[in-house]
Amino acid sequence: MTTGTKTTTYLLNTIKQYGVSHVFMVPGGVVDPFLDEFGDQPNEMNAVVAASETGAAYMADGYARASGKFGVCMGIGGPGTANMIGPLATAYTDQSPVLAITGEIPTLWNGRGGFQDASAAGLNDINLLRPVTAFAQQIPNCKLVPHYFQTAMRTMLGSKSQPVSLSIPKEIQAEAVIDKQNLDASLKNVIKQPNFIDLTGADQLLTGLIQHAKGNIAILAGSGCTRSEASEALYQFASHYQIPVATTLKAKGIFPEDDPLSLGVFGYAGTNHSTRALLNHDPADANCPNQGVDNITLLIVIGSSLNQRDTMRWDKHLSPQAGIYHVDADSTIFSKNFPINYAVNADAKTLLTWLLEPNQTKQLKPLEQGNKNRQQWLATIKEYPRYYQAEDMQNNATPLHPARVIAELQKAAPRNTVIVGDSGAHRAFAGHYWNSCLPRSYLTATALAPMGWAIPAGVGAKIACPEKPCVVITGDGCMLMNGIEIQTAAHHKIHLIVLVINNSALGNVFLRAKSPIAKKITTLSTHDWAAFSRSLGGDGIRVEKPDQLEKAFEQAFKATGPFVIDARCDPHYETPINPWRQEMIEHTSWVDG
Numbered sequence: 001m002t003t004g005t006k007t008t009t010y011l012l013n014t015i016k017q018y019g020v021s022h023v024f025m026v027p028g029g030v031v032d033p034f035l036d037e038f039g040d041q042p043n044e045m046n047a048v049v050a051a052s053e054t055g056a057a058y059m060a061d062g063y064a065r066a067s068g069k070f071g072v073c074m075g076i077g078g079p080g081t082a083n084m085i086g087p088l089a090t091a092y093t094d095q096s097p098v099l100a101i102t103g104e105i106p107t108l109w110n111g112r113g114g115f116q117d118a119s120a121a122g123l124n125d126i127n128l129l130r131p132v133t134a135f136a137q138q139i140p141n142c143k144l145v146p147h148y149f150q151t152a153m154r155t156m157l158g159s160k161s162q163p164v165s166l167s168i169p170k171e172i173q174a175e176a177v178i179d180k181q182n183l184d185a186s187l188k189n190v191i192k193q194p195n196f197i198d199l200t201g202a203d204q205l206l207t208g209l210i211q212h213a214k215g216n217i218a219i220l221a222g223s224g225c226t227r228s229e230a231s232e233a234l235y236q237f238a239s240h241y242q243i244p245v246a247t248t249l250k251a252k253g254i255f256p257e258d259d260p261l262s263l264g265v266f267g268y269a270g271t272n273h274s275t276r277a278l279l280n281h282d283p284a285d286a287n288c289p290n291q292g293v294d295n296i297t298l299l300i301v302i303g304s305s306l307n308q309r310d311t312m313r314w315d316k317h318l319s320p321q322a323g324i325y326h327v328d329a330d331s332t333i334f335s336k337n338f339p340i341n342y343a344v345n346a347d348a349k350t351l352l353t354w355l356l357e358p359n360q361t362k363q364l365k366p367l368e369q370g371n372k373n374r375q376q377w378l379a380t381i382k383e384y385p386r387y388y389q390a391e392d393m394q395n396n397a398t399p400l401h402p403a404r405v406i407a408e409l410q411k412a413a414p415r416n417t418v419i420v421g422d423s424g425a426h427r428a429f430a431g432h433y434w435n436s437c438l439p440r441s442y443l444t445a446t447a448l449a450p451m452g453w454a455i456p457a458g459v460g461a462k463i464a465c466p467e468k469p470c471v472v473i474t475g476d477g478c479m480l481m482n483g484i485e486i487q488t489a490a491h492h493k494i495h496l497i498v499l500v501i502n503n504s505a506l507g508n509v510f511l512r513a514k515s516p517i518a519k520k521i522t523t524l525s526t527h528d529w530a531a532f533s534r535s536l537g538g539d540g541i542r543v544e545k546p547d548q549l550e551k552a553f554e555q556a557f558k559a560t561g562p563f564v565i566d567a568r569c570d571p572h573y574e575t576p577i578n579p580w581r582q583e584m585i586e587h588t589s590w591v592d593g
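Under UniProt numbering, read the sequence shown as residues 1 to 593, first letter to last.
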């Protein structure tokens with residue numbers, strides 16, 4: 001880095017060195033010095049101006065998830081920071097790396113009743129940011145810019161991906177930075193997912209696989225596999241030993257769901273196949289989850305926290321005979337949410353690559369000899385339908401059935417399509433009926449799961465992967481929250497397809513509502529979202545009959561800017577979450593996002 005580089009130039013140039021090409025922002029007085037630093041060419045740092053800082057931060061989150069890098073959002077302190085809090089909280093709970101840069105009033109104005117004073121002597125942005133970021137700091141002078149920036153980068157991209165924030169007073173933005181150590185270049189190749197393996201735990205897993213080589217073994221792959229870029233190693237290991245693979249909803253696509261070994265998603269919105277494979281039966285339970293299928297012997301969980309939704313609400317039937325072997329880079333997660341039997345503290349890709357090495361392959365010869373047994377077990381599972389209410393995928397009803405809408409989208413979409421799923425009843429329909437076949441091709445916020453996340457996140461995802469089709473699956477309730485960001489896509493000529501499951505209701509809550517007043521409260525006005533898109537510079541079409549879907553999707557994929565498909569659906573259709581719904585009946589105090 002050149003000596004005496006202006007702070008704004010230093011920060012944007014360094015971010016660019018990490019392969020990040022866009023900053024999502026809302027301009028304002030205290031970030032004015034940044035504006036002249038942006039360009040409009042592919043080799044320059046580009047600015048994407050969102051409708052609000054909320055949208056900008058969600059876009060940065062979507063960019064991070066789709067690219068495997070990190071996202072950057074920018075805005076003014078005070079109201080701008082406040083608008084970012086929800087999105088940063090979402091990134092924090094989902095472990096998505098986002099760098100938030102906020103401007104601050106000049107230091108000499110602090111605490112003097114100045115306009116938009118969010119310094120420590122005013123509103124104190126940092127106190128707002130610290131609960132939702134892993135690192136939040138106001139930079140006190142230009143000499144500390146490199147130090148605090150690199151601390152933020154280490155924290156954001158270290159052993160756990162997390163959002164971080166830097167607040168920069170306006171006068172410091174224009175001052176010169178001297179970075180004697182040139183840390184930006186030296187850290188680029190160091191701050192990555194740690195490639196480590198606990199050999200003691202790995203040997204335990206190896207021994208377990210040998211001891212139960214002829215047993216019914218399955219893998220549950222979580223989002224740790226995505227972060228580790230473990231997709232190829234997972235595929236090779238599962239294929240070599242004919243081990244069926246289920247994934248969590250957040251990791252959907254890490255193992256191709258059109259592969260014969262795929263069980264689909266397990267947990268919320270999971271498939272019938274994954275439920276029958278992973279949950280053992282209870283002799284005293286006439287409605288046991290795996291009726292007609294032999295019990296699982298051993299389960300390898302890789303990169304899942306085994307939270308509520310990844311365990312079918314901590315289901316007691318998730319109890320394989322030879323135990324659960326849990327592989328995770330975070331040692332604090334073992335038995336934190338769900339009891340396990342064996343812990344393997346390791347990076348997912350490193351562990352799977354180690355298992356595929358010649359020495360381990362030789363020792364695992366008995367496991368290979370058990371391939372036929374597992375093929376027979378899987379064949380028994382596949383005698384049952386993969387989906388719940390599979391007939392709804394051909395439903396000809398009007399208003400539309402969401403399952404039919406998703407099935408028609410699957411027919412029309414290329415295999416590399418990126419789906420960005422929002423929160424609501426449509427999440428269950430998309431998670432269940434859509435097949436994802438590539439890593440980072442199904443993006444969804446699964447922890448806090450805010451409504452409306454997917455629309456701006458889809459903008460960020462499409463910018464991160466311009467060569468891939470990108471479809472947001474959302475609802476009319478979500479559109480009311482962040483649908484305005486379609487104008488961002490239109491302004492920047494971004495080809496984003498937004499599929500609105502428009503059921504004139506807050507879907508999940510409407511389905512749970514029992515009384516007439518509860519139904520009334522959860523019913524929404526019916527809006528024309530295609531017309532809404534056109535008013536913002538996009539395009540769209542309203543679809544009311546099943547035979548209109550094919551043409552609508554064809555038109556959407558040929559569009560050049562944002563295109564909204566307003567699919568008019570009935571709110572009364574139950575979501576395909578059969579085992580989950582049974583738990584809801586038994587535990588009426590539980591909620592179902």
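Where a beta carbon is used, it is the ideal one built from N, C-alpha and C, also for glycine. This structure is a prediction, so every number in the text was calculated from the model and none was measured.
- By the beta-carbon neighbour count (other beta carbons within 10 angstroms, threshold 16), Q162 is buried.
- Looking at the DSSP output, F24 bridges to V48, C73.
- Out of L234, T523, S515, the CA that lies nearest to the CA of D347 is found in L234.
- Collapsing the DSSP output to three states places F553 in a helix.
- Three or more beta-carbon pairs separated by less than 8 Å link the region 461–471 to the region 411–428, which places the two stretches in contact.
- Every alpha helix (DSSP H) stretch that sits fully inside the region 221–306 and reaches 4 residues is listed by chain position as 223–227, 231–241, 272–278.
- Residues A464 of the same chain have their beta carbon placed closer than 6 Å to that of S67, with the five preceding and five following residues left out of the count.
- Close CB contacts of K545 within its chain, under the 8 Å cut and outside five residues either way in sequence, are with T398, L400 (chain order).
- By the neighbour-count criterion, in which a residue is buried when 16 or more other Cβ atoms sit within 10 angstroms of its Cβ, T207 is exposed.
- Comparing C-alpha distances from G507 to each of L306, F553, P402 shows the shortest one belongs to P402.
- With the rule of 3 Cβ pairs closer than 8 Å, the region 511–520 does not count as touching the region 539–554.
- N396 and C569 have their C-alpha atoms roughly 12 Å apart.
- Straight through space, the alpha carbons of I219 and S239 are spaced by roughly 12 Å.
- Distance from the CA of I197 to the CA of E53, rounded to the nearest whole angstrom, comes to 40 Å.
- In the structure shown, the three-state DSSP call for R374 is helix.
- Sixteen is the threshold: since fewer than 16 other Cβ atoms of the shown chains lie within 10 Å of the Cβ of K520, the residue is exposed.
- Relative to C73, the option among A57, I565, P456 whose CA is nearest is A57.
- In the three-state reduction of the DSSP assignment, A346 falls in the strand class, which pools E and B.
- The DSSP-derived three-state label of A567 is strand.
- For E368, no beta strand (DSSP E) encloses it; the enclosing alpha helix (DSSP H) starts and ends at 365–369.
- Counting other Cβ atoms within 10 Å of its Cβ, K336 stays below 16 and is therefore classed as exposed.
- Residues Y18, G19, V20 of the same chain have their beta carbon placed closer than 7 Å to that of K69, with the five preceding and five following residues left out of the count.
- In the displayed model, Q137 falls within a strand according to three-state DSSP.
- In the DSSP assignment, D328 is bridged to N345.
- The C-alpha of N341 is placed about 10 Å away from the C-alpha of P320.
- Note that the region 97–106 touches the region 115–124; at least 3 beta-carbon pairs, one per stretch, sit closer than 8 Å.
- Using a Cβ distance threshold of 8 Å, I217 and I243 count as a contacting pair.
- In this structure Q394 is in contact with R404, their Cβ atoms being roughly 7 Å apart against a cut-off of 8 Å.
- Of the residues assessed, E37 falls on the buried side of the cut-off, its CB having 16 or more other CB atoms within 10 angstroms.
- Burial check for S262: the Cβ neighbour count within 10 Å reaches 16 or more, so the residue is buried.
- For the pair D61 and G460, the CB atoms are nearer than the 8 Å cut-off.
- For L205, the enclosing alpha helix (DSSP H) covers residues 199–211.
- By the C-beta density criterion, T155 is buried, having at least 16 other C-beta atoms within 10 angstroms.
- Within the DSSP secondary-structure output, E104 pairs in a beta bridge with P169.
- Between T226 and R440, the C-beta gap is smaller than 8 Å, which places the two residues in contact.
- Around T5, the same chain offers A176, V177 as residues with beta carbons nearer than 7 Å, after the five sequence neighbours per side are excluded.
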